[in-house]
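The structure appears right after this line, and notes come after that.
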Amino acid sequence: MSNPVRRLYDEQQQSPWLDYIRRDMLQDGALRRYAEDDGIRGVTANPTIFEKAIGAGHDYDEQITQLVRDGVATADIFERIAIEDLRAATDILRPVYDASGGNDGFVSIEVSPDKAFHTQPSIDEAKRWWSLVDRPNLMVKIPATDEGLPAIEQCVADGVNINITLIFAIEFYERVMEAYVRGIERRVDAGNDVTNSNSVASFFVSRVDTSVDKLLDARIEQAKSDAERAALSALLGKAAVANAKVAYQKFGAMFGSERFRRLEAKGAKRQRPLWASTGTKNAAYSDILYVQELIGPHTVNTMPPATIDAFRDHGVVRRTIDEGVDEAERALGRLEELGISMKQVTDDLQSDGVKLFSQSFAQITATVEQKAAEIRKKASAA
């Protein structure tokens, strides 16, 4: 039987991306094999992934050693490492980008999280990375914050490919799509080409279930009747998929509108929803839950290696993204009736997400500093 991961795109026009990067996979052909064998059509990277890659093993020791010898400041070493990996990954996926007409083959990295709550610094940082990496199939991530929205619009208007990350709330997702469309409209009004402008909106999935299930479990423990306990238990593991399915309906409404069709006639591309955080965190649920239930056209699913392996092994490829939408809406409504506010859940997740990325950036600095110190110590002892 053919590979289910590859069939996601071939049969359902959903692009599978890899949520992982490290230097050895760029050098030993692993990323190329992911593209050729599994039909992987993009890569997402984040500070946590880079920190683990730098800290584990010795993939980066040679470059760090040379940078230390060259007198490069510790604070700048990570940037040099990231640029080299991003250029290598984008070059490996350039054939995908070219064959897809610029629709896929992207590699993305985010701006420093300390810029997440500042508009102009986010714009400046996104443009700086765009210029430094200098590849048409790069995407720069900007978090979906109030301050990030005008930065997204400006970067799109200026022709920078943007991956809007840390989207949890449907209402915020609608604002993200609006920022993208306004950026494209401004670009068209200025007489600029939009055929190579590309963006994805990273809608996070599994973390929603983690948060909602925790609240449901607490309510289940306090339930005063079997009926109440059953009503609460029926919602466990339902919120994340329901949230994403309803978001996809919003995507269809925006990019099927007459407003966007006018832009599409000029070559504009839809801003695809990207299902992020799709590794299953609860062992009680299917290890492919957040892939299997969210298959549909004009979407991306970025998966860690273990999830790709699992879907390759036992995934079933069929369109599921718009199955049970009424049921999804009822589940979200039922949560509200039971006193679980999705707005509060998603607001907290967004805030926590930015904090976690900040911690990962800080950890990268600490890891690089430790590696650099070890290298200096060996050099002085030699």
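Oh and the sequence shown: position 348 is 348 in the working numbering, straight run, nothing missing. All C-beta atoms, glycine included, are put in the ideal place defined by N, C-alpha and C.
- Message: Does D38 pass the burial test, meaning 16 or more other C-beta atoms within 10 Å, or should it be called exposed?
- Response: buried
- Query: To the nearest angstrom, how far is it from the Cα of S131 to the Cα of E51?
  - Reply: 23 Å
- Might you give, ordered along the chain, the residues of its own chain that have their beta carbon closer than 6 Å to the beta carbon of Y285, omitting 5 neighbours on each side? G237
- Message: My assumption, with CB atoms under 8 Å, is that I40 sits in contact with P16. Please give the rounded CB distance.
- Response: 6 Å
- Three or more C-beta pairs below 8 Å linking the segment 178-190 and the segment 209-216: no
- Task: Please report the Cβ distance between L289 and T320, rounded to the nearest whole angstrom; I am assuming they are in contact, meaning their Cβ atoms lie under 8 Å.
- Result: Not confirmed; about 11 Å, so no contact.
- Item | Whole-angstrom C-beta distance between I54 and V368, which should lie under 8 Å | 7 Å
- Does the segment 127-146 touch the segment 85-97, meaning 3 or more C-beta pairs lie closer than 8 Å? yes
- What first and last residue would you give for the alpha helix (DSSP H) that runs through K371? 342-381
- Message: My assumption, with CB atoms under 8 Å, is that A242 sits in contact with L338. Please give the rounded CB distance.
- Response: Contact doesn't hold; Cβ gap of about 14 Å is too wide.
- Nearest-angstrom beta carbon gap, S199 and I164 [assumed within contact, 8 Å]: 7 Å
- Can you give the Cα-Cα distance for E228 and I220, rounded to whole angstroms? 8 Å
- Message: Could you compute how far the alpha carbon of K224 sits from the alpha carbon of G148?
- Response: 44 Å
- Length-filtered (3 minimum) beta strand (DSSP E) runs lying within the segment 202-277: 272-276
- Message: In the DSSP output, which residue or residues are listed as bridge partners for S15?
- Response: V300
- Query: Around the Cβ of P95, are there at least 16 other Cβ atoms within 10 angstroms (buried) or fewer (exposed)?
  - Reply: exposed
- Task: Would you mind sorting D76 into buried or exposed? The rule is 16 or more other CB atoms within 10 Å of its CB.
- Result: exposed
- Closest to E62 by CA distance: which of A362, Y34, D24, E36 is it? D24
- Going by DSSP, name the residue or residues bridged to V140. I109, I162
- Of the listed residues T145, S257, Y97, D352, nearest to R175 (C-alpha basis): T145
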